[in-house]
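These notes concern the structure reproduced below.
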Amino acid sequence: MQYSEKIRDHFLHPRNAGELEDATVIGEAGSLATGDAFRLYLRINSQDVIEEARFQAFGSPTAIATSSALTEMIKGKHVDEAVRLSTRDIAAYLDGVPQERMHAPVMGMEALEDAYAKYRRLETLDEDGQSARIVCRCFNVSHGRIERAIRDHHLSTIAEVTHHTKAGGDCNSCHADIENLLARARAERARAAEEERIRTARDNARKAQPAGGISDLQRAALIQEVLDREVRPGLAMDGGDMELVSVEGATVRVKLGGHCVSCSSSTATMRYFVEDKLRELVDPAIEVIDITEHGQELHAPPMR
Amino acid sequence: MADLLYFDNNATTKLAPEARAALEPFLGELVGNPSSAHNAGGRILHAVEKAREQVALMLGCETGEIIFNSGGTEGLNTAIENALDALPTRKQIIISKVEHSAVSNVVRPLARKGYRITEINVDRFGRLDLAQLNHEVGHETALIATLWANNETGVVAPVAEIGDMAKRAGAMFVVDAVQCPGKLKLDMKAQAAIDYLAVSGHKFHALPGCGALFVRKGTSYRPLIRGGNQERGRRAGTENVPGIVSMGAAARCINEHLDADIKRQTELRDMLQSGLLAKLDNVIVNGDEQSRLCNTLNVGFEFVEAEAVLLMLDAAGVAASSGSACESGSLETSHVLRAMGVPFTAIHGSVRFSLSRYTTAAEVGALVDSTVKIVRRLREISPFGREKPAPKKPGDLEAHKAYFATT
Chain A
20 MQYSEKIRDH
30 FLHPRNAGEL
40 EDATVIGEAG
50 SLATGDAFRL
60 YLRINSQDVI
70 EEARFQAFGS
80 PTAIATSSAL
90 TEMIKGKHVD
100 EAVRLSTRDI
110 AAYLDGVPQE
120 RMHAPVMGME
130 ALEDAYAKYR
140 RLETLDEDGQ
150 SARIVCRCFN
160 VSHGRIERAI
170 RDHHLSTIAE
180 VTHHTKAGGD
190 CNSCHADIEN
200 LLARARAERA
210 RAAEEERIRT
220 ARDNARKAQP
230 AGGISDLQRA
240 ALIQEVLDRE
250 VRPGLAMDGG
260 DMELVSVEGA
270 TVRVKLGGHC
280 VSCSSSTATM
290 RYFVEDKLRE
300 LVDPAIEVID
310 ITEHGQELHA
320 PPMR
Chain B
148 MADLLYFDNN
158 ATTKLAPEAR
168 AALEPFLGEL
178 VGNPSSAHNA
188 GGRILHAVEK
198 AREQVALMLG
208 CETGEIIFNS
218 GGTEGLNTAI
228 ENALDALPTR
238 KQIIISKVEH
248 SAVSNVVRPL
258 ARKGYRITEI
268 NVDRFGRLDL
278 AQLNHEVGHE
288 TALIATLWAN
298 NETGVVAPVA
308 EIGDMAKRAG
318 AMFVVDAVQC
328 PGKLKLDMKA
338 QAAIDYLAVS
348 GHKFHALPGC
358 GALFVRKGTS
368 YRPLIRGGNQ
378 ERGRRAGTEN
388 VPGIVSMGAA
398 ARCINEHLDA
408 DIKRQTELRD
418 MLQSGLLAKL
428 DNVIVNGDEQ
438 SRLCNTLNVG
448 FEFVEAEAVL
458 LMLDAAGVAA
468 SSGSACESGS
478 LETSHVLRAM
488 GVPFTAIHGS
498 VRFSLSRYTT
508 AAEVGALVDS
518 TVKIVRRLRE
528 ISPFGREKPA
538 PKKPGDLEAH
548 KAYFATT
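These protein sequence lines map, in sequence, to chains A and B. The first sequence begins at 20 in the working numbering and counts up one residue at a time. The second sequence begins at 148 in the working numbering and counts up one residue at a time.
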């Protein structure tokens with residue numbers, strides 16, 4: 020493994036190594052079983068400024084160099100400023116960290132976030148049930164940590180997740196779980212992009228008609244698009260469907276099909292989902308009316 | 148900086164002075180293709196055959212049973228393919244869980260061609276589970292392929308017993324002896340069950356890029372590399388004459404000094420082991436101390452990480468390596484130590500020191516001093532190790548894991 024001179028220097032001559040007797044707070048990350056572990060000691064003064072930072076680290080040369088660098092970087096900083104550092108900042112400070120060793124800066128930031136959370140008496144992300152679930156047993160990596168790494172670093176492959184969190188680097192048995200998380204993040208990103216696109220289309224349409232909003236025709240086309248992309252695929256998963264019947268001003272009439280017709284939760288579907296989507300993406304004034312079945316109109320009640 | 152302290156001889160060795168002297172004339176002075184009819188070619192052919200005699204002597208076989216090639220990997224590929232060709236109706240291949248990739252990566256893909264691959268377990272000390280092997284081997288077994296001595300731990304396999312099992316079942320027996328020359332006695336006449344055995348020049352002080360495959364007389368053989376009639380039609384391609392000559396000279400050194408070399412390396416390795424164990428706590432020796440190559444010491448330093456030890460050793464002028472694949476960037480821990488069930492703490496901190504006949508007592512002393520200093524330094528930095536002594540017995544693995552899972 021080829022390391023920068025900075026990494027070699029911080030590894031061979033670590034700064035601020037050792038315990039700090041009068042630490043205000045101690046942040047921790049990693050464990051002995053996973054091959055990397057940090058303990059970060061901070062003394063913080065009454066103005067929330069980090070006066071002294073020391074560390075203990077177990078792990079690869081990068082892990083030790085990262086800890087050393089991090090203590091140097093945060094000394095003298097306000098805690099709020101320190102916690103806004105990113106793994107990229109650490110990598111840049113060390114003149115680059117090999118891809119395969121990016122988990123070290125990630126873990127360094129986790130120790131810092133842990134210390135910050137303890138200082139602010141905040142709960143860490145990993146303390147709620149689901150995100151604390153361990154995905155990679157070889158390196159003891161939680162669901163939440165992988166999700167965060169995927170989100171923060173726009174990761175798209177298992178190898179990248181391994182580089183950033185170590186998860187999946189040894190026995191490979193969690194690769195399917197990681198792939199699921201990646202797929203979910205991809206879907207999330209795709210949905211966000213799609214919503215953004217529709218929102219832009221709506222805004223453009225409004226700009227084109229500054230006086231009275233968009234025309235009924237444009238509105239109908241947009242509503243149809245939102246229904247097609249955002250609503251119907253979800254209903255289809257449960258064997259249901261929805262048809263756009265008419266658009267008059269802000270009043271949208273739809274007809275449910277498939278299983279939706281006999282489904283007792285279809286009112287809730289209208290109220291909480293379809294109308295919300297249309298209000299968010301097309302026009303806040305929209306009201307949705309369901310004309311399914313005996314022609315009886317089920318008016319969605321006003322927003323809660 | 149002082150001279151490099153080289154303790155990575157299981158990876159590769161330095162060229163023996165005798166080998167260098169022997170091959171020197173072949174780097175320009177002497178020219179000629181051993182296959183050519185002219186006198187110059189004849190002289191070169193003579194040198195190749197002299198080398199063959201020394202290599203045959205080293206392996207305790209006949210010269211006709213030696214095929215020169217490019218090294219251990221080629222030898223093993225050739226041997227495995229030939230062994231399977233010899234028994235085309237048998238569809239089981241047996242290897243161990245601790246093979247070198249030159250065997251495991253050749254054998255495993257054969258599962259796609261309809262072979263059943265059986266991998267035999269090893270115990271905590273890296274010893275093959277002979278009962279399991281005995282249970283698995285049968286009339287379906289085409290081939291048993293195994294290391295004679297493990298490259299990471301130096302554990303020596305009971306090839307005679309494995310060979311007996313292979314022969315009782317009528318299976319072929321391929322042996323990877325790449326780590327053996329100069330470290331243990333090889334005698335193909337005594338080890339009558341071995342059908343094919345591979346060695347590699349650069350592991351015993353010859354040049355890289357040359358090796359030898361032993362194929363027992365009467366065993367079916369078809370060349371893997373086809374073309375010209377070199378090596379009596381058994382390995383095509385113009386001979387690597389400097390490599391072969393260096394290998395002959397290196398084999399000669401072994402033939403003349405083997406017993407003394409083994410004794411000397413054993414003493415120095417034991418000095419290294421006892422030096423480290425005397426000065427450091429929480430050190431685990433990986434591998435069967437009762438049956439281990441004379442030159443190999445694999446130790447797990449708990450609470451530190453191997454790559455950190457190696458990089459500090461490197462900065463102090465010491466070359467060693469870890470069993471794990473850290474160097475290649477992978478996070479995978481050593482498959483050998485994993486198969487042995489070495490505790491996680493010690494796997495991460497496992498380092499292999501491998502000596503050669505050129506290693507001196509002064510070098511070992513300097514290595515012990517450097518290593519002790521470095522491990523202590525890293526343990527000072529480590530959040531573990533001082534205030535929480537870990538269970539020392541390897542059997543306590545589960546308690547150990549549970550203990551750290553709650554921390």
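Note that the Cβ used here is the ideal one computed from N, Cα and C, for glycine as well. Remember, it's a predicted structure, so these values are computed and weren't measured experimentally.
Endpoints, the beta strand (DSSP E) within which residue i is located
i	result
B:T112	Residue 112 of chain B lies beyond the range of chain B shown here (148 to 554); nothing can be said about it.
A:V44	V44 to S50
B:A289	T288 to L294
A:I308	E306 to D309
Between the CA atoms of residue j and residue i - distance to the nearest angstrom
i	j	result
A:D55	A:A186	12 Å
B:A340	B:L514	40 Å
A:L39	A:L61	8 Å
A:G188	A:E267	57 Å
A:I153	A:L200	13 Å
A:T270	A:F292	16 Å
B:M205	B:K330	11 Å
A:T81	B:A169	45 Å
B:F590	B:P389	Summary: the structure shown does not reach residue 590 of chain B, with chain B confined to residues 148 through 554, and so no result is reported for it.
B:D406	B:I528	44 Å
A:H172	A:A204	12 Å
B:L177	B:V498	43 Å
B:C400	B:E165	8 Å
B:I372	B:T385	11 Å
A:E244	B:P490	58 Å
B:L525	A:N35	14 Å
A:H183	B:D276	38 Å
A:T311	A:E214	28 Å
A:K25	A:E129	22 Å
A:L236	A:D309	20 Å
B:I213	B:P370	13 Å
B:A359	B:H404	20 Å
B:V195	B:M335	21 Å
A:E100	A:L131	12 Å
A:L246	B:H247	59 Å
A:A76	B:A383	55 Å
Endpoints, the alpha helix (DSSP H) within which residue i is located
i	result
B:V456	A453 to A462
B:I213	Counting along the chain, B:I213 falls outside any alpha helix (DSSP H), though it belongs to the beta strand (DSSP E) covering I213 to N216.
A:I242	D235 to V245
B:Q239	Note, B:Q239: premise wrong, no alpha helix (DSSP H); beta strand (DSSP E) at Q239 to S243.
A:S87	P80 to I93
B:L280	L277 to E283
A:F30	E24 to L31
B:S251	S248 to V254
B:T518	A508 to I528
A:A130	H122 to Y138
B:V306	V306 to R315
Pair every Cβ in the segment 319-334 of chain B with every Cβ in the segment 288-302 of chain B, then say whether three or more of these pairs are closer than 8 Å.
yes
With a floor of 3 residues, list each beta strand (DSSP E) that falls wholly inside the segment 151-189 of chain A, ordered by position along the chain.
153-155
Three Cβ pairs or more, each shorter than 8 Å: is that satisfied between the segment 217-230 of chain B and the segment 415-423 of chain B?
no
Check each residue of the segment 489-500 of chain B: if its Cβ is closer than 8 Å to any Cβ of chain A, include it; give the result in chain order.
F491, T492 and H495
In the segment 404-454 of chain B, which residue ranges form an unbroken beta strand (DSSP E) of at least 3 residues, counting only runs that do not cross its ends?
430-433 and 443-448
Using a Cβ cut-off of 8 Å, which residues of the segment 436-463 of chain B contact any Cβ in chain A, in chain order?
F450, V451, E452, E454, A455, L458, M459 and A462
Determine which residues of the segment 179-206 of chain A have a Cβ less than 8 Å from any Cβ of chain B, and write them out in chain order.
T181, K185, G188 and D189
Could you list the residues in the segment 127-142 of chain A with a C-beta less than 8 Å from some C-beta on chain B, going in chain order?
none
Touching or not, the segment 227-244 of chain B and the segment 390-397 of chain B, by the rule of three or more beta carbon pairs under 8 Å?
no
Does the segment 426-444 of chain B touch the segment 294-305 of chain A, meaning 3 or more C-beta pairs lie closer than 8 Å?
no
Residues within the segment 58-82 of chain A neighbouring chain B, beta-carbon criterion of under 7 Å
R58, Q75, A76, F77, G78, S79 and P80
Which ranges would you report for the beta strand (DSSP E) in the segment 327-360 of chain B if only whole runs of at least 3 residues count?
343-347
At a CB distance below 7 Å, what residues from the segment 268-279 of chain B approach chain A? Give them in sequence order.
none
Three or more beta-carbon pairs under 8 Å between the segment 65-76 of chain A and the segment 92-104 of chain A, yes or no?
yes
Which ranges does the alpha helix (DSSP H) cover as unbroken runs of at least 4 residues, wholly within the segment 158-228 of chain B, from first to last along the chain?
164-170 and 186-206
Mind checking the segment 30-44 of chain A against chain B and listing, in chain order, the residues whose C-beta falls within less than 8 Å of any C-beta there?
F30, L31, P33, A36 and G37
Three or more C-beta pairs under 8 Å: does that hold for the segment 492-508 of chain B against the segment 259-266 of chain B?
no
Below 9 Å between beta carbons is the criterion; list the residues of the segment 218-252 of chain B that meet it against any residue of chain A, in chain order.
none
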